[in-house]
Each structure stands twice: as C-alpha cells, then as structure tokens.
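First the structure, in the form of structure tokens, and then the observations on it.
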Amino acid sequence: MTGTEMAFDRTTLWLVIIGLAVGSYALRFAFIGLVGNRAMPAWLMRHLRYTAVAIIPALVAPLVAWPAPTDGAPSLIHFAAAALTFAVAVFSKNVLLAMVTGACSLWTLMYLFG
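Structure, rendered in structure tokens:
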C-alpha cells in the first residue's frame, strides 16, 4: 500500500454510506414531506430565490483562487476569466450568458497563454 491510499474495513465503509444516505433522506424529507403541501411565508420564498446565486459562486471560487492546473498557485488566467464572467453577469443580468462567457474565456485564455 502506498502512502496516498487509505484502508477502511467494510463495516466502517457501510456505516458511513448508510449514515450519509439516512442524513440525505432526512434533509430532503424535512422540506418535501413535512412542508411540501403548505404555503411558505413570503419572506422565506424571497430568501430561497438567492440559493442558486449563492451556491454557484461558492462552487467556483475555490477553483479560481486555487486552480488545480497550477497546483493551487494563483493564476492570472483564472482571475481574468472570472473577472470577465463577473462583468458579463453584472451588465447582462443573464446567468447562462455569464457561465458560457466564463467557460469560453477560460478555454480561450488557456489556449492562448497556456
């Protein structure tokens, strides 16, 4: 066994898998099963609209700040693509256009500057 491999016994592995499955089911059931047929308050619905807006940057920010291709070193290419994506999002107010712009600008900059 090399230093990067981790060995788990079968019992521990299955306990973790079952625990995660039960936790995931319970979280979803709390919203769908317990609250699914009730009207939610307006203040909660207003806050839920911002969930995707908060999650997408949270997923992308580590990839910009610590990009894997550079082994975590800051990369001007990644920051430039992120800045262009942000500018398109602010001015166009179109999430899909911003995402496509970000992907295309990152690929183009990586092709041009390596």
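Heads up: take any position in the sequence shown, counting from 1, add 374, and you land on our numbering.
Beta carbons: idealized from backbone N, C-alpha and C, even for Gly.
How would you call leucine 480, buried or exposed, if buried means at least 16 neighbouring beta carbons within 10 angstroms?
-> buried
Please check the pair valine 462 and threonine 482, which I expect to be a contact at CB under 8 Å, by giving their CB distance rounded to whole angstroms.
-> The Cβ separation is near 14 Å, so there is no contact.
Collapsed DSSP secondary structure at tyrosine 399 in the structure displayed | helix
Valine 409 (DSSP reduced to helix, strand or coil) | coil
Take leucine 458 as the anchor and find which of Ile429, Ala472, Ala435 has the nearest alpha-carbon.
-> Ala472
According to DSSP, is alanine 435 helix, strand or coil?
-> Secondary structure of alanine 435 (DSSP, three-state): helix.
Inspect the beta-carbon positions of valine 438 and phenylalanine 453 and report whether they are closer than 8 Å.
-> yes
Return helix, strand or coil for tyrosine 424, following the three-state DSSP convention.
-> coil
Would you grab the beta carbon distance between proline 436 and serine 449 for me? Rounded to a whole angstrom, and I think it's under 8 Å.
-> Not a contact, Cβ separation roughly 13 Å.
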